[in-house]
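Engineer:
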Amino acid sequence: MKRNVKKMLSLVIALLLVIPSIGLSFASSEVTIQNVYFQDDNGNMVFVNYAEAIEQSMNGDNTLYRGIQELVGEAESDGSPIYLETNTGVMLDYRRAITNNLFRLQDILGNNDYVVSEDIEYTHELRVVDGNASIEEIEEDSQYVMTIHGPSQLDLNEAGVYTVRTTGDGAGNVDYTAIYEYSVTGGEGLLEYHDGTEWVGVPLTGTFGPSEGFTLTPDWDATTNIRFTPSVAGVYEIEISLIDLEEDEVLAEVDYQVTTVAEPAIVSIAPVDSVVVEEGTTEAEVIDLLALTTTITDSEGQVHTVSLQWSIEDYNANEAGDYTAIGTFELPAGVMNPSNIELQVVATVTVVEIVDWPQEVEDVFVGTSAITGNTYANINIKAEYVDFVEEVYVDGELATQMEQEPSQWRIVVPEGTTADDLRGRIVVVAEYPEPELNVTFRAGSPYLPILHLTVESVENLDEAVQYDVTYMLAGGLTETTAKANIGEETEGFFYNGVISSTVTVTLYNGAGEAIHSEVIVPVL
């Protein structure tokens, strides 16, 4: 009990030492002074935490309270504005109260004449600095805003310029040491920063400006230009922050989204059909048979039709075989070829030997019966061969000769067969009389064994137009005359009945092909 009484007396003595009568006047009240606002000699409105000063004094540090006594006392003496704020949040006009001889808090409380409804604006604070009570200007932060302007969509490898502007509202009184931090995410590309003179390439993540920072004032207004060129398609985020280097705090920030859409790329080419032609078909005729167009598919699944320009490598219309045809094309607008795909299609042109009907066939007609649905081939024989044709076959199957029309042979063929499909598949069996040569001879000289021969005519072989004669020489050698037309005499040739009593006459058609040979004994 005695210890408690001594402790209480010590507290009262401490209060008597540091708190004047105004403090004691409300010491017993539940309502106390929390803050004091006063105008100093320079006209600044000053804030001081009165309750904190009392607490410090009770803990043995009177510095702040001594400052209150001095500086607030000057305001009291000068009649400068003074306001009290209670721990219950009531603001009181103390200058007016003491003017009306009311010094004690308990005399002022509850009197609406001294209640101030609005907050007290102040710019300075009375606080302890380096062991002394001092009136210090309160640091007010400015608010900064960053904006970014530029294209929100870029083509692949298109450069976009972005203007980044930073402005301060000028409301504060503090300068900062600041720096810009930035990052570009979402893909790859080239980022450049304009240093005021030229564009300078920078990494996709880093800082702008000097590494030690720059002085950022409350009324700052500056523009920074950057340039970005995306190299891959994607959605990019450009993020820029204004950083207080001393406090490592973000003062302002902005982010901007840029979408890069790559133009669709060719991914596939539809093949085209090859063609088969007969010998003698010109290159232009072949190209007319090849596909005029093909289709390509792009990376977005779209199908485009493209026109083909054809060329045929080393084409020879008169030589059977396979030839390579190349059809080139141009890409449609808006379709790219980043993989360097060859813009062409390839087709095979097969040149085949002309397969005609047998010489006895006039023509072939294929038709389908309206009654039975059977498909028939009518094979018509030329009039001059009708008497000689004995059988006609298609793929080894014997056709039937029509009694009422002996020139026609008929056979069932598969549905869908065409007349051209039967080329090379028809065989005609005919029995022809042997050719008969009407030959005359003439001795060339009574002294030399020289003989002239003339094939005056040929029976049963109308296509014969020329002939030559092969004769025997001494030693088993043979010699052949030059060709002569039927009805014309050959050049003279050596003939010695002792060496050989015969000569060989060979007949040729208009194409120069040998079509018949016959051994003849010259008769003079």
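The opening position of the sequence shown corresponds to residue 597 in the numbering used here, with each subsequent residue numbered one higher. Glycine included, each C-beta is placed from N, C-alpha and C at the ideal position. Predicted model only: the values in this text are computed from it and were never measured.
Answer with buried or exposed for Q955, where buried requires no fewer than 16 other C-beta atoms within 10 angstroms of its C-beta.
Structural biologist: Per the 10 Å Cβ criterion, exposed.
Engineer: Would you give the residue range spanned by the beta strand (DSSP E) that L927 belongs to?
Structural biologist: Neither: L927 is in no beta strand (DSSP E) and is coded neither H nor E.
Engineer: Beta-carbon within less than 6 Å of L620's beta-carbon, same chain only, minus the 5 sequence neighbours each way: which residues are those?
Structural biologist: Bear in mind that a pLDDT of 36 at L620, under 50, signals an unreliable position, so the model cannot answer this.
Engineer: Please say whether V627 and L705 have beta carbons closer to each other than 8 Å?
Structural biologist: Their beta carbons are under 8 Å apart, which means L705 touches V627 by this criterion.
Engineer: According to the Cβ coordinates, are I862 and L927 closer than 8 Å?
Structural biologist: Yes, they are a contact pair.
Engineer: Could you pull out every residue in the same chain whose Cβ sits closer than 6 Å to the Cβ of L800, ignoring the five residues on either side in sequence?
Structural biologist: Around L800: V780, L787.
Engineer: Taking only three categories from DSSP, how would you classify S870?
Structural biologist: Note: S870 maps to coil in three-state DSSP.
Engineer: Given this structure, state the Cα-to-Cα distance separating E687 from D715, to the nearest angstrom.
Structural biologist: Here the sequence assigns Met to residue 687, which means Glu is not the residue at that position. Distance between the alpha carbons of M687 and D715: 8 Å.
Engineer: Entirely within the stretch 715 to 793 and at least 3 residues each: give me those beta strand (DSSP E) ranges in chain order.
Structural biologist: Correct list: 720 to 725, 728 to 733, 740 to 745, 749 to 751, 756 to 764, 772 to 781, 785 to 790.
Engineer: Quick check for students: name the residue ranges of the alpha helix (DSSP H) that lie wholly in the stretch 843 to 919, counting only runs of 4 or more.
Structural biologist: With a minimum length of 4 residues, the continuous alpha helix (DSSP H) runs that stay inside the stretch 843 to 919 are 879 to 885.
Engineer: How close, in whole Å, do the beta carbons of I1082 and V1101 come, if the pair is a contact with beta carbons under 8 Å?
Structural biologist: Not a contact, Cβ separation roughly 11 Å.
Engineer: Leaving aside the five residues before and after L1049 along the sequence, list all residues of the same chain whose C-beta is less than 6 Å from its C-beta, in chain order.
Structural biologist: For L1049, where only same-chain residues beyond five positions count, the Cβ hits under 6 Å are F1037, V1065, T1086.
Engineer: Sort out for me which residues DSSP pairs I822 with in a bridge.
Structural biologist: Looking at the DSSP assignment, I822 forms a beta bridge with Y758, Y789.
Engineer: Would you give the residue range spanned by the alpha helix (DSSP H) that E648 belongs to?
Structural biologist: Unbroken alpha helix (DSSP H) run through E648: 646 to 654.
Engineer: Have a look at N970 and G963 and give me their C-alpha separation to the nearest angstrom.
Structural biologist: Each residue's Cα considered, the two are about 8 Å apart.
Engineer: In terms of DSSP beta bridges, what is D1017 paired with?
Structural biologist: Beta-bridge pairing links D1017 to no other residue.
Engineer: Could you compute how far the alpha carbon of T773 sits from the alpha carbon of G809?
Structural biologist: Answer to the nearest angstrom: the Cα atoms are 6 Å apart.
Engineer: Could you check which residue in P747, F925, G768, V1025 has the C-alpha nearest to that of I865?
Structural biologist: When only C-alpha atoms are compared, the closest one is F925.
Engineer: On the three-pair Cβ rule with 8 Å, is the stretch 722 to 730 touching the stretch 812 to 821?
Structural biologist: Counting Cβ pairs under 8 Å, fewer than three are found: no touch.
Engineer: Less than 7 Å between C-beta atoms, sequence neighbours within five positions excluded: which residues of the same chain meet that for S624?
Structural biologist: Per-residue confidence for S624 stands at a pLDDT of 41, beneath the threshold of 50, marking its modelled position as unreliable; the derived number appears in the next sentence. Once the five neighbours on either side are set aside, S624 has no close Cβ partner at all.
Engineer: Return the CA-CA distance between Y1104 and L904, expressed in angstroms with no decimal places.
Structural biologist: If I take the Cα positions, the gap works out to 47 Å.
Engineer: So, does the stretch 843 to 858 touch the stretch 737 to 749, judging by three or more C-beta pairs under 8 Å?
Structural biologist: Because the criterion of three Cβ pairs below 8 Å is met, the stretch 843 to 858 and the stretch 737 to 749 touch.
Engineer: Suppose contacts are defined by Cβ-Cβ distances below 8 Å. Is L888 in contact with M742 by that definition?
Structural biologist: Contact: no.
Engineer: Do I834 and Y758 have their CB atoms nearer than 8 Å?
Structural biologist: It is a contact, given that the beta carbons lie within the stated cut-off.
Engineer: Contact between the stretch 1017 to 1036 and the stretch 1067 to 1074: three or more CB pairs below 8 Å?
Structural biologist: No, because fewer than three Cβ pairs between the stretch 1017 to 1036 and the stretch 1067 to 1074 fall closer than 8 Å, the two stretches do not touch.
Engineer: Is E1027 helix, strand or coil when you go by DSSP?
Structural biologist: Coil.
Engineer: Could you spell out the range, first to last residue, of the beta strand (DSSP E) harbouring E835?
Structural biologist: Residues 830 to 840.
Engineer: What do you reckon, are the CB atoms on V941 and T890 nearer than 8 Å?
Structural biologist: Against a cut-off of 8 Å, the Cβ pair of T890 and V941 comes out as a contact.
Engineer: Residues bridged to M687 by DSSP?
Structural biologist: Beta-bridge pairing links M687 to E681.
Engineer: How big is the Cα-Cα spacing for F622 and G805?
Structural biologist: For F622, the predicted model reports a pLDDT of 40, less than 50, meaning its position is unreliable; a value from the coordinates is still stated below. Cα to Cα, F622 sits roughly 59 Å from G805.
Engineer: Going by DSSP in three states, D1122 sits in which element: helix, strand or coil?
Structural biologist: Summary: the structure shown does not reach residue 1122, with the chain confined to residues 597 through 1120, and so no result is reported for it.
Engineer: From M604 to V632, what does the alpha carbon distance come to, in whole angstroms?
Structural biologist: At M604, the pLDDT of 37 sits below 50, so the modelled position is not reliable and the matter cannot be decided from this model.
Engineer: Can you tell me whether T813 is helix, strand or coil according to DSSP?
Structural biologist: DSSP places T813 in coil when its eight states are reduced to three.
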